[in-house]
Amino acid sequence: MKKRGIGLHLLALALCAVCGLRSVPAVRAEDSATAASMRLMKTEGTVSLNDGNGKKLSVFERMLLRSGYQMETKEKSYAWINLDDTKLIKMDAVSEAAIQKDGKKLEVRLNAGALFFNVTEPLAENESLNIRISTAIIGIRGTSGWVRILDSRTAEVSVLEGTVYCHVTDPISGQVKEGAVTGGETVRCEVYLPETPGDKCAIVRQKFDVKDIPGFVLVDASPDDPLCEKVLTETGLDIRGWNGNPRQKLREEQAEVHRKLDASIKGENRQAANISTDPVWADESANPTKTASPSSEKSDREDSSSSRDDTPPDDPAPPEPGPPDTTLTMPVTPMDIESALRQYDDVTVQS
């Protein structure tokens, strides 16, 4: 009886151990799925991150990113974002972007700068990945390329291999232009000024060569043999056979970015130095503390004298003509003296 009790006890312990072992892979699989969702894989230089509500977050490798997070890169700074194991985004230097996730729908909003995208496997029917800028949406299903904002009305979309779909909208008229972009093509998504006649937006196409690929893209694309093979097969562009040095091209781009930023800062400083401290009043009478210059005071006096009426006020009756001079004997009032001065050429006052 006692041996049977011990046996049952050991059997229970074994069953618990087996259940525990079976539960471990399930937990790890869930952690793996979370890890594959959105992570900041690595950074280079200075990269800032906030939670979308303005709260600044610490940045570290492989950190989990949540929907709404916003990132910014400074000069010579880059960020690699893993949206899942098959979707990689790289932010260029001096760029701003935010990520949004709703189930299997992913969106990257590019607010400034440029980014490189590389989707190694086609998306499933219930998945989507969009890159959104102020006036366009780029839909990506399984391809590689880069997007660059040129100004508030213009962006460039370039495809290394595969196909993306561009949707450009003029926010004022609502006019829409759509089109597919294939490997080896660059399209300029443009929204024209409101006063421009004809179409209000457009998708302008052209081809590009290896030398046109930005350095921040080349340094990641050229060592990627499967990607290079896809590009060569689809477009005939040989990234690996390019004679240039991707790192050298990246350094040249960094120097050009620095030059432009430096010129922009100097321009802002000159603008600040050109601020006039003289007040400008639409209505001169609205400035009670106006201080006139001597020349303006003189002009004001001349204007005043030319418009002044020296005619004395009308008297009830014109004075009787008197002698050319008269003498007043004190005491007299100031009014008596003033009246006499009006009537006679010469007035003498004696005590």
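Heads up: the sequence shown begins at 963 in this note's numbering, then just goes up one per residue.
We put the CB at the ideal spot given by N, CA and C, even for glycine.
Kindly list the residues whose CB is nearer than 7 Å to the CB of residue i, restricted to its own chain and excluding five residues on each side of it in sequence; keep chain order.
i       : result
Lys1067 : Ser1090
Val1219 : Glu1037, Ala1055 and Val1056
Lys1004 : Glu1023 and Trp1042
Thr1144 : Val1121 and Thr1125
Ala1117 : Ile1095, Ala1098, Val1109, Arg1110, Ile1111 and Cys1151
Arg1202 : Ser1184 and Cys1190
Pro1156 : Ile1134
Asn921  : As displayed, the chain neither begins before 963 nor continues past 1313, which places residue 921 out of reach and without an answer.
Ala1164 : Lys1139 and Glu1152
Would you decide whether residue i is buried or exposed? Buried here means 16 or more other CB atoms lie within 10 Å of its CB.
i       : result
Ala1098 : buried
Pro1208 : buried
Ile1111 : buried
Glu1214 : exposed
Lys1052 : buried
Gly1075 : buried
Ser1226 : exposed
Arg1167 : exposed
Ala1086 : exposed
Lys1222 : exposed
Ser1106 : buried
Ser1184 : buried
Leu1212 : buried
Asn1044 : buried
Leu1002 : buried
Ser1269 : The predicted position of Ser1269 is uncertain, since its pLDDT is 49 and thus under 50; no value can be drawn from it.
Leu1199 : buried
Leu1027 : buried
Within its chain, find whatever has a CB closer than 6 Å to the CB of residue i; leave out the 5 residues flanking it on each side and keep chain order.
i       : result
Arg1115 : Val1153
Lys1162 : Asp1132, Ser1135, Gln1137 and Tyr1154
Val1179 : Phe1078 and Trp1108
Asn1073 : Glu1058
Ala1142 : Thr1125 and Tyr1127
Asn1092 : Glu1069, Ile1099 and Gly1101
Ser1301 : none
His1129 : Ile1099 and Glu1140
Gln1216 : Lys1038
Looking only at its chain, what residues have a beta carbon closer than 8 Å to the beta carbon of residue i, apart from the 5 residues adjacent to it on each side?
i       : result
Phe1170 : Ser1120, Gly1146, Glu1147 and Thr1148
Gly1007 : Thr1035, Lys1036, Glu1037, Lys1038, Ser1039, Tyr1040 and Ala1055
Glu1083 : Thr1048 and Gly1104
Lys1018 : Ser1010, Leu1011 and Asn1012
Arg1094 : Glu1069, Val1070, Arg1071, Leu1072 and Ile1100
Asp1182 : Lys1052, Phe1078 and Asn1080
Thr1197 : Leu1122, Glu1123, Gly1145 and Gly1146
Asp1064 : Ser1029
Asp1186 : Asn1080
Kindly identify the DSSP beta-bridge partner or partners of residue i.
i       : result
His1129 : Ile1099 and Glu1140
Gln1062 : Glu1069
Ser1010 : Glu1034
Phe1079 : Ile1051 and Gly1107
Glu1118 : Arg1110 and Arg1150
Arg1094 : Arg1071 and Ile1099
Lys1018 : Asn1012
Ile1043 : Leu1002 and Ile1051
Glu1123 : Ser1106
Leu1026 : Arg1001
CB of residue i to nearest heavy atom of the ligand ZN: below 7 Å?
i       : result
Thr1125 : The ligand ZN is absent from the structure shown, which contains no ligands of any kind.
Ordered list of alpha helix (DSSP H) runs contained in the region 1144-1210, each at least 4 residues: 1177-1183 and 1187-1197
Does the structure place the region 1126-1139 close enough to the region 1189-1206 that three or more beta carbon pairs sit under 8 Å? Verdict: no, contact absent.
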